[in-house]
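When we follow our numbering, the leftmost residue of the sequence shown carries the number 2, and every step to the right adds one. Positions of the beta carbon are idealized from the N, C-alpha and C atoms, including for glycine. Notes for the one structure printed next.
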Amino acid sequence: MKRLQFIFIQCSLLFAFLIILSHAQGQSIALQEGKDYLVICKDGGGGAYEAFPDVCRLPDGRLLCVFYDGYEHVSLPNEAHPKGGRISGIFSEDEGKTWGQPFIIYDGPYDDRDPSIAVIDNSKLVCNFFSLKPLENQKSRWEGLGTWMILSEDWGKTWSEPKQISSEYYCSSPIRTLSDGTLIISLYADERKEGCGAVSFSKDKGNTWSIPVDIDYGTLKLDAEPDICVLKNQNLFIAQRGHSHLPMGFSISADDGKTWEISKALPFPGHCPYLHRAPSGVLLMGIRYPNKGTCISVSTDDAISWNEPILVDPCIGAYPSMVTLKDDSILIVYYEEGPSSNLRARKFKVDTQGKIEWLSWTEKP
């Protein structure tokens, strides 16, 4: 648990530094709310601190964005919020232009956080997250309770009781489905001197999960927070958060995740990567880039190389997620960080050469 607490402390110090830096240097791009980006949620009802969004499309066409709904970066239970942070969601029925009222997805007794959402078997929703339990009279403020998942078979109206995926590993990205129907989740270990990416599998639609397979970090210093995708040659690619301002790591598996290459460095730093295949075929990686903000890197050769990350928004929260819209544009959601953090969204198109065209929310189709 020391590793996870160190990451949170590191994040808090980094956010404070970046806020000071942004005031000193000014924003590198000027964005206009309502035109360049939308604020899609300002108050989920759990303390007006919204963070760590994740978005997916439902079979009926709606978009569902889940998020951490608390009162600050770590929202342990207190008198005002006796159950701490919770998992909430919002729906959009018009491709992200407007969003409905926030609703509670899961509110356990402790701080429930970092949710991700996915459709599995084209028949149900799966939301994974992890939880922090407060400790009293100890050096640590909390202990981690591992990674959990809940299911909805009525598209978000009701949810199952939580099922534990792992008691010792944590998550920050959604469950993915492999070609044979196997579910795979990318995890990271906490009780290590160095962050360690890992994966776990379910052959029975999430009922049981395998012992996590660790990914060797080699000589890299990582905090993990990985995400995974299937490459065109059917190999698996995993991207991992680098420590502070150090480079991110990646690894490849040629046997459906059973074994992994030793992690190698990506050519840039980044936190909490999110991988998405664009309609043009290029691979996108959304990240928080230290000292810059929310960014996207593009690979036109299927993860062999990546371009210098492109700035999405100078706000420093990130933890992005992406979904393809019906017109083949891409919606990216992320959070602001700082007191009363909100959720934001931008949209863009990307061609086969990796060129990004930002789209205005005020333009008519």
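The beta carbons of I288 and A319 sit closer together than 8 Å.
Comparing C-alpha distances from L64 to each of G86, G35, D70 and G97 shows the shortest one belongs to G97. Under the three-pair Cβ rule at 8 Å, the stretch 142-150 counts as touching the stretch 164-172.
Under DSSP, W359 takes part in a beta bridge, and its partners are F349.
Residue L133 holds the alpha-carbon nearest to the alpha-carbon of C172 among L133, D181 and W143. Unbroken beta strand (DSSP E) stretches of 3 residues or longer found wholly inside the stretch 271-341: 272-278, 284-290, 294-300, 311-314, 319-325 and 331-336, given in chain order. In this structure, the CA atom of S153 is about 14 Å from the CA atom of C57. DSSP, reduced to helix, strand and coil, places N236 outside both helices and strands of the structure shown, so it counts as coil. Here I263 is exposed, its C-beta having fewer than 16 other C-beta atoms within 10 Å. For T148, the uninterrupted beta strand (DSSP E) run begins and ends at W143 to S153, by DSSP. The three-state reading of DSSP puts T183 in coil, since its state is none of H, G, I, E or B. Looking from the CA of F130, the closest CA among L312, I186 and G250 belongs to I186. C-alpha of P110 to C-alpha of G85: approximately 7 Å in a straight line.
Distance between M286 and C42, taken at the CA atoms: about 23 Å. Take the alpha-carbon of G48 and the one of E364: they are about 34 Å apart.
Taken through DSSP and simplified to helix, strand or coil, Y69 comes out as strand. The three-state secondary structure of R63, taken from DSSP, is coil. Per the coordinates, the alpha-carbon of D205 lies some 19 Å from the alpha-carbon of L188. Excluding its 5 nearest sequence neighbours in each direction, I30 has C-beta neighbours in its own chain below 7 Å: L312 and P315, listed in chain order.
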